[in-house]
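Right, one structure below, let's go through it.
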Amino acid sequence: MGRSTTTSATAPRRARWTTLIAGIAAALLLVTTGVASAERPAFAASYPSFDDVLEARKNVATAKQKADELRALLVQLAEAAAAAQAESERLGALYEEAQLAFDEASFQADELQRKSDEAAAKAEESRLRAGQFVAELSRAGGADLSASLFTNPDQAESLLSRLGYASKISEQAEGIYAAAMRDQQAAQSFADQAVVAKQKREELRIAAEAAFQQAQEAAAAAAAALAEQEANKSRLELQIKVLEEDLVITEAQYQEGERKKREEEARRKAAEEARLAEERRRAAEAAANAGNGGGGGGGGVAASGWTRPAYGWVSSPYGYRIHPIYGTYRLHTGTDIAASCGQPIAAAASGTVVYAGPNGTYGNFVMISHGNGLTTGYAHILNGGIRVSNGQQVSAGQTIAAVGSTGASNGCHLHFEVRTGGTAIDPVPFMAARGVSLG
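Residue numbers for the sequence shown follow numbering that gives the first Met the number 0, beginning at 0 and rising by one.
Following this line, the structure appears as structure tokens:
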């Protein structure tokens, strides 16, 4: 997110897990007990037919009343769509915040576990070294040198020399023992920290999943409200004209007109899909000619079933960086691919769309599930550029959206994510292992 080259900053990450857990939990509680459980703005149970409108037009008073009712329906539809969209944006932002908190906790838990494993290995080496030292000392003989001074006075000079050597050995033994203890304590400390970090990660995972479900439902409700408005707005406006102007349209005539409109829309969509496919083919060809190909031989689907989601250059890789918008040191959970706004975004592999809507700083966002806990995410999509819906099955290489710069973004690009079990991983090696280069 945010088209920027990764910065090698070393600013310390602030521990804000507890605050985030509490804040997210409180927000989700509000959602589940109030806002989300509240009834959505009600849609009209039914709409009048054109035959009903023509009948109402026979009486001036009835015609005016019916026109007022239709205008009220138009207002209701607009308000319902706006309210649903606002709720979707609010819950999308909450989901993105919860996901980021989990991502940071997951990354840090993995880091602590890695350090714990390294410290444990070092402690084991120290323990073995101490054991070897004791064994060697034992083999060298453990006689009481002080007693030998009395029993063998003629060898006093030699024995005193040996005592000095023994003293040095004792100091060395103490050093080895102290080092082993320090290593063991360090290993235990990292192990304890890793346990706590994993517990916090689990709490944040649960919070993120709950936030995702709420955002998913809100996005679906917003899409339904918009579809309801789009499906009836022109109808209601035309019916008002029938009531107020010298216009006669029967229900049969209207339905025939709608059928033709649907056919025309289907042709338009097919032409648009063909245009986007050709645009993607040309982008793949240009990338291949520039020596930046990869992904199924110039834009096609690789034998692995995966393909490149967009064509451009990697402007910011996965990992911690200074955020180009906020200036804070935070985890960048994906790979940014710089591309022109409007360029098609393809599904990286076949799967099911599980999210399509606003997502906080991600802007417009699509997530696809590929099964077994594996998902891909596509962020900063152009406004109006989402071309799929929740629950839709998509195939690898299918156009799902258009590149944009929505959310916390400073230029047209695709923020591409790969997650396993909800945890973000570096997309570049993941895709490379499947025969696909991201840039």
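Where a beta carbon is used, it is the ideal one built from N, C-alpha and C, also for glycine.
Inter-residue Cα distance where the pair is residue i and residue j
i: P40; j: A221; result: In this prediction, P40 scores a pLDDT of 45, lower than 50, which makes its location untrustworthy; the coordinate-derived value is nonetheless stated afterwards. Each residue's alpha carbon lies about 11 Å from the other.
i: G406; j: K57; result: 52 Å
i: Q473; j: E284; result: Residue 473 is absent from the model: the chain starts at 0 and stops at 438.
i: N371; j: R307; result: 21 Å
i: A224; j: A83; result: 7 Å
i: L309; j: P323; result: Looking at the sequence shown, residue 309 is not Leu but Ala. Approximately 21 Å between the Cα atoms of the pair.
i: H369; j: A80; result: 31 Å
i: V59; j: A348; result: 60 Å
i: I336; j: I175; result: 52 Å
i: A142; j: E135; result: Legend: pLDDT at A142 = 44, less than 50; position of this residue unreliable, value from coordinates given subsequently. Looking at the two C-alpha atoms, the distance is approximately 14 Å.
i: K197; j: E262; result: 54 Å
i: M366; j: T374; result: 7 Å
i: G311; j: E123; result: 48 Å
i: L93; j: A431; result: 32 Å
i: D245; j: N409; result: 52 Å
i: G383; j: R181; result: 59 Å
i: V247; j: E255; result: 14 Å
i: E277; j: V74; result: 41 Å
i: A265; j: D67; result: 34 Å
i: A269; j: Q391; result: 17 Å
i: Y325; j: H379; result: 16 Å
i: K260; j: I321; result: 50 Å
i: D50; j: E78; result: 27 Å
i: L275; j: N389; result: 21 Å
Cβ-based neighbour list, residue i, same chain, cut-off 8 Å, excluding 5 preceding and 5 following
i: R386; result: T398, I399, A400, A401
i: L72; result: A43, Y46, N231, L235
i: A395; result: V300, G304, W305, T306, A345, A346, A347, A348, S349
i: G420; result: G372
i: V427; result: V313, P316, Y317, T334, L437
i: E272; result: T398
i: H412; result: R2, G311, S314, D335, I336, A337, A338, H379, V402, S404
Residues bridged to residue i (per DSSP)
i: H414; result: D335, A378
i: P357; result: N363
i: S315; result: D335
i: I344; result: A400
i: Y328; result: I321
i: A407; result: According to DSSP, A407 bridges with nothing at all.
i: Q392; result: T351
i: S368; result: T351, T374
i: I424; result: V417
Among the options, nearest to residue i - alpha-carbon criterion
i: V194; options: R266, P428, E110, A77; result: E110
i: V417; options: F429, A177, A269, Q212; result: F429
i: E250; options: L225, Q238, E243; result: Q238
i: A282; options: D425, G438, V247; result: G438
i: T334; options: Y319, E262, A226, F49; result: Y319
i: A185; options: Q252, L246, R113, A209; result: R113
i: A226; options: L76, E271, A346; result: L76
i: G403; options: P343, A179, R280; result: P343
i: E96; options: A129, A206, F49, E123; result: A206
i: G362; options: T351, Y377, V352; result: Y377
i: E442; options: E271, E229, A270, E278; result: This structure does not reach residue 442, given that the chain is present from 0 up to 438, and the question cannot be answered.
i: L127; options: A431, A178, E86; result: A178
i: E202; options: A129, E173, R181, Q98; result: Q98
i: G91; options: Q131, E271, T360; result: T360
i: H414; options: Y325, Y317, Q392, N389; result: Y317
i: F101; options: A85, R204, H412; result: R204
i: R89; options: E272, F211, A270, V393; result: F211
i: S48; options: Q252, S388, S125, E173; result: Q252
i: F364; options: S87, K260, E173; result: S87
Proximal residues to residue i (C-beta, below 6 Å), its chain only, five neighbours per side dropped
i: R70; result: none
i: P152; result: Only weak support exists for where P152 lies, its pLDDT of 48 falling under 50; the value from the coordinates is given anyway. If we look at P152 and ignore the five residues flanking it on each side, it has no Cβ neighbours.
i: R200; result: A104, S105, A108
i: D425; result: Y317
i: F132; result: I175
i: K240; result: L246
Sequence-distant residues of its chain with Cβ nearer than 7 Å to residue i (five each side left out)
i: F55; result: The sequence as given places Ala at residue 55; Phe does not occur at that position. Excluding sequence neighbours, A55 sits near T61, A62, K65, L242.
i: G341; result: L381, A401, V402
i: T422; result: S105
i: A129; result: I175, Y176, A179
i: V393; result: A346, S349, G350, V352, I367, V387, I399
i: S125; result: A178, A179, D182
Heavy atom of the ligand HEM within 6 Å of residue i beta-carbon
i: Q192; result: With respect to small molecules bound, the structure shown includes none, and the ligand HEM cannot be examined in it.
Between the stretch 351–366 and the stretch 215–229, are three or more C-beta pairs nearer than 8 Å?
-> yes
With a cut-off of 8 Å, do at least 3 Cβ pairs link the stretch 323–343 to the stretch 97–115?
-> yes
Does the stretch 185–194 come close enough to the stretch 118–131 that 3 or more CB-CB pairs lie under 8 Å?
-> yes
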